[in-house]
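Quick note on numbering that gives the first Met the number 0: the sequence shown kicks off at 0 and runs consecutively.
Every residue, glycine too, gets a C-beta built ideally from N, C-alpha and C.
Everything numeric in this text was worked out from a predicted model, so none of it was measured.
Below is one structure; the comments refer to it alone.
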Amino acid sequence: MSTTPDSPGAPAPATAGATAVTNLIARYAQLVDAGDFAGVGDLSADATFIGSGPSAHGRDAVAAMLRDSVIRYEDGTPRTHHVTSDIAVEPPPARIVTGPAP
Numbered sequence: 000m001s002t003t004p005d006s007p008g009a010p011a012p013a014t015a016g017a018t019a020v021t022n023l024i025a026r027y028a029q030l031v032d033a034g035d036f037a038g039v040g041d042l043s044a045d046a047t048f049i050g051s052g053p054s055a056h057g058r059d060a061v062a063a064m065l066r067d068s069v070i071r072y073e074d075g076t077p078r079t080h081h082v083t084s085d086i087a088v089e090p091p092p093a094r095i096v097t098g099p100a101p
């Protein structure tokens with residue numbers, strides 16, 4: 000694990016960001032597979048969800064989109080089983096600044 004000099008043991012910002020992304024993906028999968036579409040809405044409260052249909056923005060729209068689109072068994076259980084592994088989170092390319100040095 001990378002650490003920053005001023006906070007021993009804490010993940011470095013890039014590592015913390017990658018961990019946050021992988022945790023978000025895993026939590027989404029857990030919530031959808033449990034049929035907790037309101038939970039996915041909470042997870043996506045300030046996001047735009049882009050899937051195979053029209054995009055949905057915000058908590059209520061994301062939850063409604065999933066309720067309307069996820070195929071479920073007769074008892075209401077989603078017919079999904081997400082497996083998340085080998086997730087690669089790549090940092091954005093470095094910015095190249097041209098011009099005179101400050």
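Residue from the options with nearest C-alpha to residue i
i	options	result
D67	G98, P99, A87, G34	G34
A46	H81, R58, I24	R58
D32	S43, I95, Y72	Y72
F48	L42, H56, D41	H56
G52	A63, A44, S84	A63
T18	P92, V96, D85	D85
A25	D74, L65, H80	H80
Range of the contiguous alpha helix (DSSP H) that encloses residue i
i	result
R66	58–68
A87	Here A87 belongs to no alpha helix (DSSP H), and DSSP marks it neither H nor E.
A44	That residue, A44, is in no alpha helix (DSSP H); it is neither H nor E in DSSP.
Cβ-based burial, residue i [other Cβ within 10 Å; buried from 16]
i	result
G23	The sequence shown places Leu at residue 23, rather than the Gly named in the question. So L23 counts as exposed.
A15	exposed
S43	buried
G121	Only positions 0 to 101 of the chain appear in the structure, and residue 121 is not among them; the question remains open.
G98	exposed
V96	exposed
V61	buried
V82	exposed
Sequence-distant residues of the same chain with beta carbon closer than 8 Å to residue i, five excluded per side
i	result
T76	G34
A87	none
P4	Because P4 sits at a pLDDT of 48, beneath the cut-off of 50, its placement in the model cannot be relied upon, and the following sentence gives the value as read from the coordinates. Closer than 8 Å at the Cβ level, and outside the excluded window around P4, lies no residue.
D41	R58
Own chain residues within Cβ distance below 6 Å of residue i, not counting five before or after
i	result
V69	P77
S54	T47
Rounded Cβ spacing between residue i and residue j (contact assumed at less than 8 Å)
i	j	result
I20	L30	Before going on, a small fix: residue 20 reads as Val here, not Ile. V20 to L30, Cβ: 16 Å. No contact.
Cutoff 7 Å; reference residue i; Cβ partners in own chain excluding five residues on either side
i	result
A37	A62
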